[in-house]
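Residue numbers (the numbering used here): 6 to 276.
Backbone N, C-alpha and C fix where the C-beta goes; we use that ideal spot for every residue, glycine too.
Since the model is a prediction, treat every value here as computed from it, not as a measurement.
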Amino acid sequence: MSTYAIGDIQGCYEPLQRLLALVQFDPHKDQLWLAGDLVNRGPQSLEVLRFAKSLGHRVRCVLGNHDLHLLAMHYGGHSSRSSDTLTPVLNAPDRDELLDWLRFQPLVVLDEARNWCMSHAGIPPAWSARKARKRAQEVEAVLQSEDCTEFFRQMYGNLPDQWQKDLQGMERLRLIVNYLTRMRFISPAGQLDLLSKEGLDQAPPGYLPWFEAENRAAATTRLLFGHWAALEGKANGTNVYALDTGCVWGGELSALRLEDQQWFRVPAQTV
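Okay, structure coming up:
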C-alpha cells in the first residue's frame, strides 16, 4: 500500500487523473490524502468531488478555504464571486449528497502512528499537531450540526487575527478556520496577515512565513499543507511539505508519496 498526498486540485480533474496514472494509483490498496481546495477556479469541480467521494475510506481529505466557500454558498446563502466556477456543483442532481459528504470532512488529519499531519494552510507556530486537531474538532462539531447555517453566515472576516485563550463563540471558531485554511504570513506573536499572498521573499514588515517561526510546537511532526501556490512547492521549515504547485494557474499538480517522500508531478496542460 502507498499513500499519496496531493495539493490544491481546484477543479483540475484531468491533471488529477494523469497524476494518478503516473503513480499507478490502485484504489483497492492505495490511499489518497487531499490537502483541501478540491474545488473552484478550475473547470471540473463537480467531477473532482464525485471522484473523491467515490473513493470512500481510501481518501482522507481536509477542508480548504474554497471548499468552505462552496459550503457557505449552499448552506449560508453567500453570493458567488466573479472568479467562481461552482455553478455545475450547485446545479448537480447529486449536489446534496456531495456537499453533505464535503461538510463532514475534517480541517486537520493527524496520523500519530506514522507522524504525519495535514491541514490546508498549515498549523500556527504555537500549536502542536495534537492541539491543532483538537481545535479543528471545535469547528467540525458546528460544521456537522444542524446549526451550520448560522456558522457559514458569520464565517467570513479577518478578525480576530491573534489567538487568545479566552476567545469564545464565533470569534474563536473564525480564527481557528483562518489559521487552518487561510494562513500564510504570521508575526512572532501569532498575529495573522491575511492580505499578502506573495512568496517567501515578500513578507510584510514584521511578519514571516508561519513555518519559519522559531520553536514551532509542531516541528517534530511531518506536516503537509497546500494553499500557497507562490511557494511553488518549496518550504524552508523543518518537516514541512508544500503541496500546492499552482495547477489551476498553469503550473503543476504534485503528489508526495508518504512512505519514501518521493515527489511526482504532472503539468497542468498536456503539450
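Distance CB(residue i)-CB(residue j) smaller than 8 Å
i	j	result
P48	G12	no
L261	Y246	yes
R108	L76	yes
T8	E217	no
S279	G211	Examination of residue 279 is not possible in this model, given that the chain is present from 6 through 276 alone.
L185	A126	yes
L200	N183	no
I14	L21	yes
A235	E203	yes
S50	T90	yes
Residue(s) in a DSSP beta bridge with residue i
i	result
W121	D116 and R227
T8	Q36
S259	R270
I191	L197 and L213
Rounded C-alpha distance that separates residue i from residue j
i	j	result
E155	L172	18 Å
E19	N45	14 Å
R100	V94	6 Å
M160	P214	24 Å
L148	P111	9 Å
V276	W168	Low local confidence applies: a pLDDT of 48 at V276 is under 50, so the model's placement there is unreliable, with the coordinate-based value given in what follows. Each residue's alpha carbon lies about 47 Å from the other.
R23	G231	19 Å
E251	L164	Here the sequence assigns Gly to residue 251, which means Glu is not the residue at that position. Rounded to the nearest angstrom, the two C-alpha atoms are 28 Å apart.
> Which runs of the beta strand (DSSP E), 3 residues or longer, sit entirely within the region 195-251?
Replying inline: Within the region 195-251, the complete beta strand (DSSP E) runs of at least 3 residues are 227-230 and 245-247.
>> When you compare the region 120-134 with the region 210-228, are there three or more beta-carbon pairs, one atom per stretch, that lie closer than 8 Å?
In response: The region 210-228 and the region 120-134 touch, with three or more beta-carbon pairs separated by less than 8 Å.
>> Three Cβ pairs or more, each shorter than 8 Å: is that satisfied between the region 54-72 and the region 33-44?
In response: Yes: at least three Cβ pairs fall under 8 Å.
>> In chain order, what are the residue ranges of uninterrupted alpha helix (DSSP H) at least 4 long that sit wholly in the region 33-106?
In response: If we require 4 residues or more, the alpha helix (DSSP H) runs fully inside the region 33-106 come out as 50-59, 70-81 and 92-95.
> Can you find at least 3 beta carbon pairs, one from the region 51-58 and one from the region 87-106, that sit closer than 8 Å?
Replying inline: A contact exists between the region 51-58 and the region 87-106.
>> Going residue by residue through the region 125-151, where are the continuous beta strand (DSSP E) segments of at least 3 residues, counting only ones entirely within it?
In response: Listed in chain order, nothing qualifies, since the region 125-151 has no complete beta strand (DSSP E) run of 3 or more residues.
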